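Engineer: One structure follows; several queries about it will come next.
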Ligand SMILES: [Fe+2]
Ligand SMILES: [Fe+2]
């Protein structure tokens, strides 16, 4: 299967065209069909698709990694172009979510959940397909479903909360799922924000596919909030994994991205708006 992955939404711009935003989305073009993984926060998915010569009407399925606004906010704009399409999600994608942040010395609460109701998205053409478990969504294409948390060093982000059945608790992101393509060169894994923990996700993918060779790991590993010790544990585990390329984006954090570049050298690249990986 020939595959080309293009980053449509991302915090940084890597080409002469396109706009950055706090969010993530990539388009996966294959000879069997085209897929959209996440939709950014809504500002740039359509404009960036146009300047990068990508036709969002061509997509066969949409996958949402989790219910944060910066991965789901562009869904209405995509649906207005595409119309009826399957949107694969975990049922918790619609949870109410809050981030508690320290800004200018003050504690600020922000709503960070999916900004649209299910019924509105359905009226625009979304056909939600729910999964909690590892599932094949196309030939050689899989969603991880819920990822078991086994590592000691990958902890939930203490700034993030969600509401389930009227109770607000630290958000453990059971809806966090990654997309896997089984290619001739090895597995390609696209993370959303990796709220389950990047190493937990890799271990889950190895367990479920029975394969250990990764051609590429892309997307946001959410390493920014980890302590230096936790970050080093993550990098140590990553180095024990067989990976040809690591192309991080979005919620990686500059400190972690620089460390990954140090460790992975030419195998590392930063996935900006417009970055392409051809397999
Ligand atoms: Fe994110
Ligand atoms: Fe997130």
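Numbering (this note's numbering), first residue to last: 13 to 291.
Just so you know, even glycine gets a beta-carbon here, dropped at the ideal spot from N, CA and C.
Since the structure is predicted, the reported quantities are computational estimates derived from the model, not experimental observations.
#1: Just checking my contact of residue 92 with residue 20 at CB under 8 Å: how many whole Å lie between their CB atoms?
#2: Where do the N-terminal and C-terminal ends of the alpha helix (DSSP H) with residue 149 fall, by residue?
#3: Beta-carbon within less than 6 Å of residue 198's beta-carbon, same chain only, minus the 5 sequence neighbours each way: which residues are those?
#4: Suppose you measure from the CA of residue 235 to the CA of residue 131; what does that come to, to the nearest Å?
#5: Which residue marks the beginning of the alpha helix (DSSP H) containing residue 69, and which one marks its end?
#6: Can you tell me where the beta strand (DSSP E) with residue 227 in it begins and where it stops?
#7: Which residue marks the beginning of the beta strand (DSSP E) containing residue 139, and which one marks its end?
#8: So for residue 270, helix, strand or coil by DSSP?
#9: Let me check one thing: in DSSP terms, what residues is residue 18 bridge-paired to?
#10: Determine the direct distance from the alpha carbon of residue 126 to that of residue 106, and round the result to whole angstroms.
#11: Ligand 1 heavy atoms versus the CB of residue 21: any closer than 7 Å?
#12: So, residue 85 versus residue 45, is the Cβ gap smaller than 8 Å?
#13: In whole angstroms, what separates the C-alpha of residue 17 from that of residue 162?
#14: Alpha carbon to alpha carbon, how far is residue 188 from residue 204? Give it in angstroms, no decimals.
#15: Have a look at residue 120 and residue 284 and give me their C-alpha separation to the nearest angstrom.
#16: Note down, in chain order, each residue of its chain lying with its Cβ closer than 6 Å to the Cβ of residue 24, except the 5 sequence neighbours on either side.
#17: Determine contact between the segment 146-166 and the segment 209-222, defined as no fewer than three beta-carbon pairs at a distance below 8 Å.
#18: Tell me whether residue 207 counts as near ligand 2, meaning its Cβ is closer than 7 Å to at least one heavy atom of that ligand.
#19: On a CA-only basis, which of 172, 268, 274 is nearest residue 238? Give me that one, please.
#20: Locate the beta strand (DSSP E) running through residue 241, then write down its first and last residues.
#21: Please find out if some non-hydrogen atom of ligand 3 comes closer than 7 Å to the beta-carbon of residue 282.
#22: Whole-angstrom Cβ separation of residue 102 and residue 142, contact assumed at under 8 Å?
#23: Determine the contact status of residue 83 and residue 35, defining contact as a CB-CB distance below 8 Å.
#24: Whose beta carbon lies closer than 7 Å to any heavy atom of ligand 1, going through the chain in order?
Structural biologist: Looking at the atomic coordinates:
#1: One-based indexing of the chain shown puts residue 92 at position 80. One-based indexing of the chain shown puts residue 20 at position 8. About 16 Å separates the two Cβ atoms, so there is no contact after all.
#2: Your numbering for residue 149 matches position 137 in the chain shown. It is not in any alpha helix (DSSP H) - residue 149 instead sits in the beta strand (DSSP E) that spans 147-150.
#3: Translated into positions along the chain shown, residue 198 becomes position 186. Counting only Cβ-Cβ distances below 6 Å, and skipping sequence neighbours, we find 225, 226, 227.
#4: Numbered from 1 along the chain shown, position 223 holds the residue referred to as residue 235. Numbered from 1 along the chain shown, position 119 holds the residue referred to as residue 131. Roughly 34 Å separates the two Cα atoms.
#5: By one-based count along the chain shown, residue 69 stands at place 57. Per DSSP, residue 69 belongs to no alpha helix (DSSP H) and is neither H nor E.
#6: Locating residue 227 in the chain shown gives position 215, where the first residue counts as 1. Looking at the DSSP string, the run of the beta strand (DSSP E) that includes residue 227 is 225-231.
#7: Here the question's residue 139 lines up with position 127 in the chain shown. Element bounds for residue 139: 138-142.
#8: Here residue 270 refers to the residue found at position 258 when the chain shown is read from its first residue. Correct three-state label for residue 270: helix.
#9: Indexing the chain shown from 1 puts residue 18 at position 6. DSSP lists 39, 288 as partners of residue 18.
#10: Translated into the one-based positions of the chain shown, residue 106 becomes position 94. Translated into the one-based positions of the chain shown, residue 126 becomes position 114. The alpha-carbon atoms of residue 106 and residue 126 are separated by roughly 6 Å.
#11: For the purposes of this step, residue 21 is identified with residue 9 of the chain shown, where counting begins at 1. Checking the Cβ of residue 21 against ligand 1 gives no.
#12: By 1-based counting over the chain shown, the position of residue 85 is 73. By 1-based counting over the chain shown, the position of residue 45 is 33. Going by C-beta atoms, residue 85 is not nearer than 8 Å to residue 45.
#13: For the purposes of this step, residue 17 is identified with residue 5 of the chain shown, where counting begins at 1. For the purposes of this step, residue 162 is identified with residue 150 of the chain shown, where counting begins at 1. Rounded to the nearest angstrom, the two C-alpha atoms are 30 Å apart.
#14: Taking the chain shown and counting its residues from 1, the one referred to as residue 204 is at position 192. Taking the chain shown and counting its residues from 1, the one referred to as residue 188 is at position 176. Computed Cα separation, rounded: 8 Å.
#15: Stepping through the chain shown from its first residue, residue 120 is reached at position 108. Stepping through the chain shown from its first residue, residue 284 is reached at position 272. Spanning the two alpha carbons is a distance of roughly 29 Å.
#16: Walking along the chain shown from the start, residue 24 turns up at place 12. For residue 24, where only same-chain residues beyond five positions count, the Cβ hits under 6 Å are 32, 284.
#17: yes
#18: To locate residue 207, count along the chain shown from 1; it is residue 195. Yes, ligand 2 has a heavy atom inside 7 Å of this Cβ.
#19: Taking the chain shown and counting its residues from 1, one reaches residue 238 at position 226. Among 172, 268, 274, the Cα nearest to that of residue 238 is on 268.
#20: As a position in the chain shown, residue 241 is number 229, starting the count at 1. Unbroken run through residue 241 is the alpha helix (DSSP H), 240-251; no beta strand (DSSP E).
#21: Ligands in the displayed structure: ligand 1 and ligand 2; ligand 3 is not one of them.
#22: Walking along the chain shown from the start, residue 102 turns up at place 90. Walking along the chain shown from the start, residue 142 turns up at place 130. Yes, residue 102 and residue 142 are in contact; Cβ-Cβ is about 7 Å, under 8 Å.
#23: The residue given as residue 83 occupies position 71 in the chain shown. The residue given as residue 35 occupies position 23 in the chain shown. It is a contact, given that the beta carbons lie within the stated cut-off.
#24: 35, 36, 80, 82, 83, 204, 205, 232, 262, 263
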